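In our numbering, the protein residues as written are 32 to 393. All residues carry an ideal CB built from backbone N, CA and C; glycine is no exception. Fair warning: this is a prediction, and the values are worked out from it, not measured in the lab. Working notes, beginning with the structure itself.
Structure representation (structure tokens):
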């Protein structure tokens, strides 16, 4: 049986959660589990994070999957709702909403005239402090808040949130965002949240009532030139496979499609049973590190759909069947991602369904 698998360490997951809690001591934690918990398994991750105060997802379908799995914590829909027909389902399942434009307020006004359920909906008002994506423009925040205060269908007071655009790279602009958000919401009731993973690490003054860690929970760093271990975090996912073949190659011979790598000397090539069909990035460059038998060896040639090649070296003692780690505890995904011109998020989110997932607790 093909050995390619993603090993998910739930003990590491819990360790990371409590590490985050030690950083943001006075804040509640809204664990972000959208996109199938960043590729780690939505229900499995949420079931393990019993101490999380709330979960955040992107879609109603994700939220309903959690409720179907008997997850009882509050769940926030980060993109809010799209149409009136969703509101009874949202109420029935005790979901919280992010509101980010006036059209949503108008739909809520219409709904409260004849609600299916009288239970008030818990909501967050998103303020655009410089992300220029979702959120009420700052000069409309007070007006929007006043309209929301008049709605009997939502729980009062409305909570307030914003989002950093570059807390991993531009600290001056992030400080401006904090000031803009605070000024726009000064005098308004409601709990506040702004700090994502990078904000948790870089802006303690913005921890406030709630923090919203995503990548940190999974043991990777959002900050450049660092890994999760720099913050006492542990990788949760280990993407693993094995050597399926080893073959000698002569100087001047090429490997793989397109012949974009040639051996500079005699060596041994290891073929690894994983490819872009499993979610390993096809555009990973020659030299991308791969972990084999206690050392890093370079990827050579183009990644194929089902396999990739590594240069084991002329003196290698490796054998067919030996284990290979593409990223994990031995090889952080933050180290792999730059070789594919990407970020750790896309690596873990991109693992495909044909990869077997194995969940361990220690």
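(message) Taking the beta carbon of residue 67 as the centre, do at least 16 other beta carbons fall within 10 Å, making it buried, or is it exposed?
(response) Looking at its Cβ environment, which holds 16 or more other Cβ atoms inside 10 Å, residue 67 is buried.
(request) Report yes if the CB atom of residue 270 is closer than 7 Å to the CB atom of residue 79, and no otherwise. (result) no
(request) Please work out which residues of its chain come closer than 7 Å, Cβ to Cβ, to residue 126, disregarding the five sequence neighbours upstream and downstream, and give them in chain order. (result) 94, 106, 108
(request) Sort out for me which residues DSSP pairs residue 299 with in a bridge. (result) In the DSSP assignment, the residues bridged to residue 299 are 279.
(message) I need the boundaries of the alpha helix (DSSP H) containing residue 178, first residue and last residue.
(response) 172-180
(request) Return the CA-CA distance between residue 208 and residue 345, expressed in angstroms with no decimal places. (result) 55 Å
(message) Just to confirm, is the Cβ distance from residue 243 to residue 85 under 7 Å?
(response) no
(message) Could you tell me the alpha carbon to alpha carbon distance between residue 393 and residue 42, rounded to whole angstroms?
(response) 5 Å
(message) Run through the DSSP bridge pairs and tell me what residue 351 is partnered with.
(response) DSSP output for residue 351 lists no bridge partner at all.
(request) Let me know the alpha helix (DSSP H) ranges lying completely inside the segment 225-261, each 4 residues or longer, listed in chain order. (result) Secondary structure remark: continuous alpha helix (DSSP H) runs of at least 4 residues inside the segment 225-261, in chain order: 228-233.
(request) Taking residue 208 as part of the alpha helix (DSSP H), name the residues at either end of that continuous run. (result) 202-216
(request) Have a look at 258, 226, 260, 159 and flag the residue whose alpha-carbon is nearest the alpha-carbon of residue 212. (result) The option with the nearest alpha carbon to residue 212 is 159.
(request) Drop a sphere of 10 angstroms on the beta-carbon of residue 101, count the other beta-carbons inside from all chains shown, and report buried for 16 or more, exposed for fewer. (result) exposed
(request) Take residue 110 and list the residues in its own chain whose beta-carbon comes closer than 6 Å to its own, dropping the five residues that flank it on each side. (result) 89
(request) Rank 184, 188, 238 by C-alpha distance to the C-alpha of residue 198 and give the top, closest one. (result) 238
(request) Could you say which of 57, 48, 189, 360 lies nearest to residue 64 if we only look at CA atoms? (result) 48
(message) I'd like the span of the beta strand (DSSP E) that includes residue 56, first residue to last.
(response) DSSP places residue 56 in no beta strand (DSSP E); its state is neither H nor E.
(request) Can you give me the Cβ contacts of residue 233 inside the same chain, cut-off strictly under 8 Å, excluding the 5 residues immediately before and after it? (result) 198, 199, 202, 205, 254
(message) Looking at the strands, I want to know which residues DSSP matches up with residue 322.
(response) For residue 322, DSSP records a beta bridge to 327, 356.
(message) Do residue 308 and residue 337 count as a contact pair if the criterion is CB distance below 7 Å?
(response) Their beta carbons are under 7 Å apart, which means residue 337 touches residue 308 by this criterion.
(message) As an exercise, report each continuous beta strand (DSSP E) stretch of at least 3 residues that is fully enclosed by the segment 119-177, in chain order.
(response) 126-130, 154-159
(request) For residue 192, count neighbouring Cβ atoms within 10 angstroms of its own Cβ and tell me buried if that reaches 16, exposed if not. (result) buried
(request) Pull up the distance between the alpha-carbon of residue 351 and that of residue 276, whole angstroms please. (result) 6 Å
(message) Can you list, in chain order, the residues of its chain with a C-beta nearer than 7 Å to that of residue 335? Leave out the 5 residues immediately preceding and following it.
(response) Shown here for residue 335: same chain residues with a beta carbon closer than 7 Å to its own, the five before and five after excluded, namely 287, 288, 306 in chain order.
(request) Could you check what DSSP says for residue 338 in three-state terms: helix, strand or coil? (result) coil
(request) With a cut-off of 8 Å on the beta carbons, I'd call residue 315 and residue 272 a contact; round off their distance for me. (result) Between residue 272 and residue 315 the Cβ distance is about 14 Å, and since that is not below 8 Å, they are no contact.
(message) For residue 327 and residue 274, which I take to be in contact (beta-carbon distance under 8 Å), what is that distance rounded to the nearest angstrom?
(response) Between residue 274 and residue 327 the Cβ distance is about 15 Å, and since that is not below 8 Å, they are no contact.
(request) Check residue 110 in the structure and name its three-state DSSP category. (result) coil
(request) Would you mind sorting residue 256 into buried or exposed? The rule is 16 or more other CB atoms within 10 Å of its CB. (result) exposed
(request) Just the C-alpha distance for residue 188 and residue 391, rounded to the nearest angstrom, thanks. (result) 41 Å
(request) Could you spell out where the alpha helix (DSSP H) holding residue 32 opens and where it closes? (result) Looking at the DSSP string, residue 32 is not in any alpha helix (DSSP H), and its letter there is neither H nor E.
(message) Taking its Cβ as the centre, do 16 or more other Cβ atoms sit within 10 Å of residue 298, making it buried, or is it exposed?
(response) With a threshold of 16 other beta carbon atoms within 10 Å, residue 298 meets it and is buried.
(request) Determine the closest residue to residue 173 out of 135, 196, 186, 216, with distance taken between C-alpha atoms. (result) 216
(message) Helix, strand or coil for residue 115? Go by DSSP, reduced to three states.
(response) helix
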